[in-house]
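What follows is a single structure, written as structure tokens, with notes after it.
There are 2 protein chains.
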Amino acid sequence: MPHPAEPPPRGDARAEQRRRTEARILAAASDQFVEAGYERTTIRAIAQAAGVDAGLVMHYFGSKLALFEQVTKGGQLPPAPTGPPGQVAEQILAQLAGSLTTEPVRSLAMLRSMLTHPETTQAFREGTQRFRAQLAAAIPAPDADTRAALISALIMGVVMDRHLLKSGGLDTADPDQIIALLRPVLRTLTTADPPPDPA
Amino acid sequence: MPHPAEPPPRGDARAEQRRRTEARILAAASDQFVEAGYERTTIRAIAQAAGVDAGLVMHYFGSKLALFEQVTKGGQLPPAPTGPPGQVAEQILAQLAGSLTTEPVRSLAMLRSMLTHPETTQAFREGTQRFRAQLAAAIPAPDADTRAALISALIMGVVMDRHLLKSGGLDTADPDQIIALLRPVLRTLTTADPPPDPA
DNA sequence: TTGTTCAATCAACGGGTGTTGAACGGAGGG
DNA sequence: CCCTCCGTTCAACACCCGTTGATTGAACAA
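Here it is, written out as structure tokens:
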């Protein structure tokens, strides 16, 4: 191989055309996986939505599973909930508020497909485990792990209810109202309990 | 038709054999739907697990979808959370405690399959809507609907995390510990907030 | 006994799937 | 100009699916 001067050698119409086509396929695949899940999404449907032939999808991405992994790679789950103990709840709430208005596409695709496609489960678990570990580290309580797991489950349930289940009751609710109701809940879960209740 | 003395005319070996076979198919189908979801569950696999031919499954239940509906029918979602406002939280906790130890098979089958199979979505929505409506009626607050929806999402997330996702962090946790952590959360959500916090 | 009913099996069809390999056609380099 | 590369298409393969119809054989009725 003679020294390749520039990796993207400016003005290569073919390379750029390919990049665009790949991006179009990737976007179409993302939509389909989110809307229909892994099993019901067909490579032919992706190809049609991208305006190409099904064989081309295979030629570029190798297999349906590889394409799926490419789609779900990169974005992953919400960022790190690090910070002083008192601020953890607010950070989670801010993150959740974003997920209520904007669909977290990759998370939804992984979540939905994970429930159907076993090969995906491992990747999803690793993502949530990292999230929970960081979260648990920020909670000053002996049962921090369980608290973090509950918060993770709570977030998962809420996002699923709003974006996947739909008409589950949360899709029409005001995000601010949801956040306001969840604030005391998250404060309770992220801080050790005072006296339970002197009733 | 000559008056049929008894509908189950005692000692009909064929009828009882059929009932047993149907029950076996139903149980096998339930397992498969929960473990693999609707799409990945094949009639052939159900038949094999039940020790019969695939055609027999069709002959008894008509179609795969009809079989699935039969499996998910009946048990539905947790019973009514009615009662005095103060007791609602404890009732939910008791119900949830049961769902943590024993798998709510039908709910899981519906939940998992709903995420893949659109025809199932409606049935699941109706189930959760009834649950939420009854729950909202027991919550003395102006935003009772949103509160009920959040509780529903919370339960869904927890049950999913424990039984479907597995190793999501809640599968190894002690049920009593989970319930204890959730108690203040549900009390907060089922009762109108006192002063937010005078810090 | 004879005839009927019905649980259960078997082989097959039609369709949809992921995947493959050959073929086309225009852009790039000699 | 020709030759090669490469994005792209096309037709087909092999497989598995849900579903069906004919068929078998044992339990019931007469």
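Sequence lines, in order, name chains D and E. Residue numbers for the first sequence, in the working numbering: 1 to 199. Residue numbers for the second sequence, in the working numbering: 1001 to 1199. Quick reminder that beta carbons are idealized off the backbone N, C-alpha and C, glycines included.
* For alanine 141/D, which option in Leu189/D, Gly37/D and Ile151/D has the closest C-alpha, if you only look at C-alpha atoms? -> The residue you call residue 141/D lines up with position 141 of the first sequence. Of the candidates Leu189/D, Gly37/D and Ile151/D, the one whose C-alpha sits nearest the C-alpha of alanine 141/D is Leu189/D.
* Asked: Who are the Cβ neighbours of methionine 160/D in its own chain at under 7 angstroms, not counting the five residues just before and after it?
  -> Taking the first sequence and counting its residues from 1, one reaches residue 160/D at position 160. Correct list, in chain order: Leu111.
* To do: Using the Cα positions of leucine 1164/E and leucine 115/D, report the straight-line distance between them to the nearest angstrom.
  => On the second sequence, residue 1164/E is found 164 positions in, with the first residue counted as 1. On the first sequence, residue 115/D is found 115 positions in, with the first residue counted as 1. The straight-line gap from Cα to Cα measures roughly 7 angstroms.
* Measure the CB-CB distance between proline 175/D and leucine 100/D and report whether it falls below 8 angstroms. => Taking the first sequence and counting its residues from 1, the one referred to as residue 175/D is at position 175. Taking the first sequence and counting its residues from 1, the one referred to as residue 100/D is at position 100. Cβ atoms of proline 175/D and leucine 100/D: closer than 8 angstroms.
* Asked: Thinking C-alpha only, which one of Gly55/D, Lys64/D, Ala153/D and Arg19/D is nearest threonine 120/D?
  -> Reading the first sequence from its first residue, position 120 is the one you call residue 120/D. Check the Cα spacing between threonine 120/D and each of Gly55/D, Lys64/D, Ala153/D and Arg19/D: the tightest is with Lys64/D.
* Under 8 angstroms, do leucine 135/D and proline 84/D count as touching if we go by C-beta distance? -> The residue you call residue 135/D lines up with position 135 of the first sequence. The residue you call residue 84/D lines up with position 84 of the first sequence. For leucine 135/D and proline 84/D, no; Cβs fall outside 8 angstroms.
* Using only alpha-carbon positions, find the residue among Ile1178/E, Glu1103/E, Arg1018/E and Gln1095/E that is nearest to phenylalanine 1061/E. => As a first step, residue 1061/E must be located in the second sequence, where it is residue number 61. Ranking Ile1178/E, Glu1103/E, Arg1018/E and Gln1095/E by CA distance to the CA of phenylalanine 1061/E puts Arg1018/E first.
* Which value, in whole angstroms, describes the spacing of the CA atoms of isoleucine 25/D and alanine 1089/E? -> Indexing the first sequence from 1 puts residue 25/D at position 25. Indexing the second sequence from 1 puts residue 1089/E at position 89. Answer to the nearest angstrom: the Cα atoms are 48 angstroms apart.
* DSSP three-state assignment for glutamate 1069/E, whether helix, strand or coil -> Residue mapping note: residue 1069/E aligns to position 69 of the second sequence, counting from 1. For glutamate 1069/E, the secondary structure class from DSSP, reduced to helix, strand or coil, is helix.
* Asked: Are valine 71/D and alanine 97/D closer than 8 angstroms when you measure CB to CB?
  -> Within the first sequence, numbered from 1, the residue matching residue 71/D stands at position 71. Within the first sequence, numbered from 1, the residue matching residue 97/D stands at position 97. Their beta carbons are not under 8 angstroms apart, which means valine 71/D does not touch alanine 97/D by this criterion.
* Asked: What's the C-alpha gap between threonine 146/D and glutamine 1048/E?
  -> Mapped onto the first sequence, residue 146/D falls at position 146. Mapped onto the second sequence, residue 1048/E falls at position 48. Taking the straight line joining both Cα atoms gives about 40 angstroms.
* **Exposure of glycine 37/D, with buried meaning 16 or more beta-carbon neighbours within 10 Å** => On the first sequence, position 37 is the one that residue 37/D refers to. With a threshold of 16 other beta carbon atoms within 10 Å, glycine 37/D meets it and is buried.
* To do: Could you check what DSSP says for glutamate 204/D in three-state terms: helix, strand or coil?
  => Outside the displayed range of chain D (1 to 199) lies residue 204/D, so it cannot be described from this structure.
* Rounded C-alpha distance that separates threonine 102/D from arginine 44/D -> Along the first sequence, one-based indexing puts residue 102/D at 102. Along the first sequence, one-based indexing puts residue 44/D at 44. Going by the C-alpha atoms only, they are around 28 angstroms apart.
* Asked: For the region 137–154 of chain D, which residues have a beta carbon sitting closer than 9 angstroms to at least one beta carbon of chain E?
  -> Only Asp143, Asp145, Thr146, Arg147, Ala148, Ala149, Leu150, Ser152, Ala153 and Leu154 from the region 137–154 of chain D bring a Cβ to less than 9 angstroms from some Cβ of chain E.
* Are the beta-carbon atoms of alanine 1148/E and glycine 169/D separated by less than 8 angstroms? -> By one-based count along the second sequence, residue 1148/E stands at place 148. By one-based count along the first sequence, residue 169/D stands at place 169. Contact: yes.
* To do: Tell me whether the beta-carbon of alanine 1144/E lies closer than 8 angstroms to the beta-carbon of glycine 157/D.
  => As a first step, residue 1144/E must be located in the second sequence, where it is residue number 144. As a first step, residue 157/D must be located in the first sequence, where it is residue number 157. Their beta carbons are not under 8 angstroms apart, which means alanine 1144/E does not touch glycine 157/D by this criterion.
* Asked: List, in order along the chain, the chain D residues whose C-beta lies closer than 9 angstroms to that of alanine 1027/E?
  -> Taking the second sequence and counting its residues from 1, the one referred to as residue 1027/E is at position 27. Alanine 1027/E does not reach chain D, its nearest Cβ partner there being about 22 angstroms away, counting only Cβ pairs nearer than 9 angstroms.
* leucine 1158/E - DSSP class collapsed to helix/strand/coil -> For the purposes of this step, residue 1158/E is taken as residue 158 along the second sequence, with counting starting at 1. For clarity, residue 1158/E is valine in the given sequence; the question names leucine instead. Residue state, collapsed to three classes: helix.
* Quick one: is glycine 157/D near chain E, going by C-beta distance under 8 angstroms? -> Locating residue 157/D in the first sequence gives position 157, counting from the first residue. Glycine 157/D has a beta carbon lying within less than 8 angstroms of a beta carbon in chain E.
* Under three-state DSSP, which class holds lysine 166/D? -> Within the first sequence, numbered from 1, the residue matching residue 166/D stands at position 166. Correct three-state label for lysine 166/D: coil.
* C-alpha distance - isoleucine 46/D paired with leucine 1181/E, whole-angstrom precision -> Start at 1 with the first residue of the first sequence, and residue 46/D comes out as number 46. Start at 1 with the first residue of the second sequence, and residue 1181/E comes out as number 181. If you draw a straight line from the Cα of isoleucine 46/D to the Cα of leucine 1181/E, it comes to about 44 angstroms.
* Asked: What are the boundary residues of the alpha helix (DSSP H) that includes threonine 1120/E?
  -> Start at 1 with the first residue of the second sequence, and residue 1120/E comes out as number 120. That run of the alpha helix (DSSP H) goes 1118–1137.
* To do: Examine chain D for any beta-carbon lying closer than 8 angstroms to the beta-carbon of alanine 1173/E, and answer yes or no.
  => Here the question's residue 1173/E lines up with position 173 in the second sequence. Taking Cβ atoms only, chain D reaches closer than 8 angstroms to alanine 1173/E, which makes this a yes.
* May I ask you to list, following chain order, the residues of the region 122–138 of chain D that have a beta carbon less than 8 angstroms from some beta carbon of chain E? => Within the region 122–138 of chain D, the residues whose Cβ lies closer than 8 angstroms to some Cβ of chain E are Phe124, Arg125, Thr128, Gln129 and Arg132, listed in chain order.
* Find the nearest neighbour of proline 1104/E within the set Thr1021/E, Asp1031/E and Ile1178/E, judged by alpha-carbon distance. => As a first step, residue 1104/E must be located in the second sequence, where it is residue number 104. With distances taken between Cα atoms, proline 1104/E lies closest to Asp1031/E.
* **Spatial distance of valine 1113/E from isoleucine 1139/E (CA atoms)** => Residue numbering aside, residue 1113/E sits at position 113 when the second sequence is read from its first letter. Residue numbering aside, residue 1139/E sits at position 139 when the second sequence is read from its first letter. Valine is not the amino acid found at residue 1113/E; the sequence shown has serine there. When rounded, the distance between both Cα atoms is 31 angstroms.
* Which residues of chain E have a Cβ atom closer than 9 angstroms to the Cβ of threonine 116/D, listed in chain order? -> Sequence index remark: in the first sequence, residue 116/D carries index 116 (1-based). Simply Ala1036, Gly1037, Tyr1038, Glu1039, Arg1040, Arg1112, Ser1113, Leu1115 and Thr1116.
* Asked: List, in order along the chain, the chain E residues whose C-beta lies closer than 9 angstroms to that of methionine 160/D?
  -> Position 160 of the first sequence, counted from the first residue, corresponds to residue 160/D. Residues of chain E whose Cβ lies closer than 9 angstroms to the Cβ of methionine 160/D are, in chain order, Leu1115, Ala1153, Met1156, Gly1157 and Met1160.
* **Cα-Cα separation between proline 7/D and alanine 15/D, rounded to whole angstroms** => As a first step, residue 7/D must be located in the first sequence, where it is residue number 7. As a first step, residue 15/D must be located in the first sequence, where it is residue number 15. Its pLDDT being 42, under 50, proline 7/D is placed unreliably by the model, and the measurement read from it follows with that caveat. Here the alpha carbon of proline 7/D sits roughly 11 angstroms from the alpha carbon of alanine 15/D.
* Helix, strand or coil: which one does DSSP assign to alanine 1023/E? -> To locate residue 1023/E, count along the second sequence from 1; it is residue 23. Alanine 1023/E: helix per DSSP, three-state reduction.
* Asked: Residue range of the alpha helix (DSSP H) that threonine 1188/E falls in?
  -> On the second sequence, residue 1188/E is found 188 positions in, with the first residue counted as 1. Note, threonine 1188/E: alpha helix (DSSP H), 1175–1190.
* To do: Please look up how many angstroms separate the CB atoms of glutamate 1039/E and arginine 40/D, rounded, as I've assumed it's under 8 angstroms.
  => Counting from one through the second sequence, the residue named residue 1039/E turns up at place 39. Counting from one through the first sequence, the residue named residue 40/D turns up at place 40. About 6 angstroms separates the Cβ atoms of glutamate 1039/E and arginine 40/D, confirming a contact at the 8 angstroms cut-off.
* To do: Could you check the C-alpha separation between valine 34/D and glutamate 22/D for me, to the nearest Å?
  => Within the first sequence, numbered from 1, the residue matching residue 34/D stands at position 34. Within the first sequence, numbered from 1, the residue matching residue 22/D stands at position 22. Between valine 34/D and glutamate 22/D, the C-alpha separation is close to 18 angstroms.
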